[in-house]
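Residue numbers (the UniProt record's numbering): 1 to 534.
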Ligand code: FAD
Ligand code: N01
């Protein structure tokens, strides 16, 4: 017997869960949010490592659902740092009085569908359980930390930190020898800050990344003044864009290889000077589909690495060559490459000398022992499906989601999965999610789910579930787009390649935020074909 009953249970209190709760309340549904952390924020609660900040401009990476909220909130920088984004989400929770419906420090262990009562029962690690006809996950695509399975890790004598679970009180690296494992976005943001503090910093790299400049700066007050007079239009432009961002150099309507060299260089310099990742993703008609075209853009970025890094051997090690640019999420740089010009920083190439073991005194590669007092794991996430699969989700007939998805996720529109009635996934696999400005995609999912719940209420219906054939078609469509792109040529966490044993399946819809919204809108306007409702 469940302790408490609601119309909807929402799991997670990040951008997704907070807006979902607010939206449902406004429509007269009762909802309970369950959150493992002791406060709101999600990503921005957990990832407190030095240098953490957004890679989409703050004005873009914020809620649009409330005009007063966007008018009153002031961002201090073009790319806000983690404490400011967390303050923003805490402000949202206070402003809309959300915390009273959030159960904190409570981890969901299981969610089971009961066919007789047509309800979900959610059980937690506190022993409490909850029941509701609708279960909505806002678990995050990047919320299950990927702890590397390196022999001897537990024997390390110093402190071990994970970027995705950073201590709240911060870490003082002054006078310490620090080892960082990983060179993804988290390491790229944190290493310049750690290097400035630590006595010595050793960075262990398996795959170099393409890193483009942030060109961060304090907020341009004139721009904000103008923006606040026309925020509605700006938000509409985001929703109608490819990646969910409006303040960006548009895609050049030409193929890369058709552009003369001087024109190409001038344009790329302009994109570089403007900064940010969006201008480098899908920058030209063929940049994401033609390897030669992509190679020309990649070579421009490689030239920049050679300019920035003083030692040619280190520059070469930092230069990605084995995969096309923008097939991994591009990293945004505030002083990353310059960090390697410091005397106290060393780069270790794990392809030449892999890690054998971690010992009490440090990291031993096939070459030697690198002594360390502190170890930072910047090794990423069991992305996209990790947090869903960590919950024992059982649908119709007791079928387990993690078993049904053993060979990869199956969804319709990345929103629901056949056999799991009334279970909704905000930014689920096979939706645009991590391939976009996620706040735009989150808002679109929340609005779509809320509209569907209203539709069910108006029809007096109790259940909704995707039809297996619609789900199959959606999966095929996601795959077609993937195969037309250069993504198959890279080993990325989009494909689960960073987690040993995970099936290699592409989990992101890359047709664009605008195209995806059109599909979802059309489904809703046509009365939800592709879904069984009763
Ligand atoms: P999250 O913020 O991940 O929240 C999920 C919540 O669910 C967490 O609080 C977690 O504790 C909780 N949870 C998970 N499992 C359970 C469980 N079993 N029981 C109870 N609670 C549970 N995206 C961008 O578009 N732009 C950016 O600039 C950007 N920067 C990022 C920087 C970092 C360091 C990281 C890691 C990601 C970044 N992202 C960015 C992606 C980011 O995750 C999303 O933008 C967004 O914050 C996701 O919000 P969410 O609410 O969906 O998920
Ligand atoms: O994780 P990652 P992240 N031994 O998976 C390496 C968002 N984000 O936390 O590439 C040695 O990118 C791994 O090597 P390889 C953003 O979407 C945004 O940095 O697998 N190395 C890689 O170098 C981003 O894409 C921001 O060969 C090991 C690194 O660890 C996503 O979150 C900031 C290893 C992990 O990189 C994830 O980023 C932070 C092992 N056993 C995050 N296992 C912004 O800038 C893994 N690695 C906004």
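We treat Cβ as the ideally placed atom computed from N, Cα and C, and that holds for glycine.
Would you grab the beta carbon distance between residue i and residue j for me? Rounded to a whole angstrom, and I think it's under 8 Å.
i	j	result
residue 148	residue 401	Not a contact, Cβ separation roughly 26 Å.
residue 529	residue 463	With 8 Å as the limit, residue 529 and residue 463 do not qualify as a contact, their Cβ atoms being about 16 Å apart.
residue 163	residue 186	4 Å
residue 317	residue 429	Not really, about 33 Å apart at Cβ, beyond 8 Å.
residue 76	residue 250	Contact flag wrong, Cβ pair sits at about 28 Å.
residue 532	residue 452	Actually they are not in contact, since the Cβ atoms of residue 532 and residue 452 sit about 13 Å apart, beyond 8 Å.
residue 427	residue 129	So it is not a contact: roughly 26 Å between Cβ atoms.
residue 280	residue 330	6 Å
residue 508	residue 433	6 Å
residue 425	residue 137	5 Å
residue 18	residue 92	6 Å
residue 448	residue 423	In fact, because the Cβ distance is near 15 Å, the residues do not count as touching under 8 Å.
residue 199	residue 177	6 Å
residue 385	residue 490	Residue 385 to residue 490, Cβ: 19 Å. No contact.
residue 135	residue 85	About 27 Å; that fails the 8 Å criterion.
residue 436	residue 288	In fact, because the Cβ distance is near 14 Å, the residues do not count as touching under 8 Å.
residue 334	residue 216	6 Å
Determine the contact status of residue i and residue j, defining contact as a CB-CB distance below 8 Å.
i	j	result
residue 78	residue 57	yes
residue 399	residue 419	yes
residue 492	residue 346	no
residue 179	residue 372	yes
residue 298	residue 255	no
residue 323	residue 191	no
residue 22	residue 242	no
residue 443	residue 65	yes
residue 50	residue 194	yes
residue 31	residue 101	yes
residue 275	residue 214	yes
residue 145	residue 181	no
residue 252	residue 269	no
residue 380	residue 505	no
residue 499	residue 20	no
residue 358	residue 152	yes
residue 494	residue 325	no
residue 486	residue 291	yes
residue 40	residue 81	no
residue 108	residue 34	yes
residue 239	residue 439	no
residue 6	residue 132	yes
residue 271	residue 258	no
residue 410	residue 475	yes
residue 461	residue 521	no
residue 166	residue 48	yes
residue 353	residue 367	yes
CB-CB under 6 Å to residue i, same chain, minus the five flanking residues each way: which ones, in chain order?
i	result
residue 341	310
residue 126	106
residue 160	375
residue 383	141, 142, 493
residue 524	451
With residue i as the anchor, note down where its alpha helix (DSSP H) starts and where it stops.
i	result
residue 265	261-274
residue 43	43-46
residue 317	312-317
residue 431	Careful: residue 431 lies outside any alpha helix (DSSP H) and carries neither H nor E.
residue 64	From DSSP, residue 64 is part of no alpha helix (DSSP H); its letter is neither H nor E.
residue 185	185-197
residue 356	Counting along the chain, residue 356 falls outside any alpha helix (DSSP H), though it belongs to the beta strand (DSSP E) covering 355-359.
residue 457	438-459
residue 337	336-339
The beta strand (DSSP E) spanning residue i covers which residue range?
i	result
residue 161	159-162
residue 120	119-124
residue 112	108-114
residue 415	Segment: none, residue 415 is in no beta strand (DSSP E) and carries neither H nor E.
residue 393	392-394
residue 500	Element bounds for residue 500: n/a, residue is neither H nor E.
residue 35	Counting along the chain, residue 35 falls outside any beta strand (DSSP E), and DSSP gives it neither H nor E.
Might you give, ordered along the chain, the residues of its own chain that have their beta carbon closer than 8 Å to the beta carbon of residue i, omitting 5 neighbours on each side?
i	result
residue 554	No answer is possible for residue 554: it lies beyond the span of the chain, which begins at 1 and ends at 534.
residue 479	506
Residue i: beta carbon under 7 Å from a heavy atom of ligand 4?
i	result
residue 31	Ligand 4 is not part of the structure shown, which contains ligand 1 and ligand 2 as its ligands.
Skipping 5 residues on each side, what residues in its chain have a beta carbon closer than 7 Å to that of residue i?
i	result
residue 450	23, 24, 27
residue 308	337, 338
residue 517	239, 444
**Study point:** Segment contact, 8 Å Cβ cut-off, at least three pairs: the stretch 222-240 with the stretch 172-181
**Key:** No, because fewer than three Cβ pairs between the stretch 222-240 and the stretch 172-181 fall closer than 8 Å, the two stretches do not touch.
Practice item. State whether the stretch 359-368 contacts the stretch 152-161, with contact taken as three or more CB pairs (one from each stretch) at a distance under 8 Å. Key: With a cut-off of 8 Å, the stretch 152-161 and the stretch 359-368 count as touching, because enough Cβ pairs lie within range.
Practice item. Say whether the stretch 106-117 touches the stretch 40-48, bearing in mind that this needs 3 or more beta-carbon pairs closer than 8 Å, one atom from each stretch. Key: They do not touch, by the three-pair rule.
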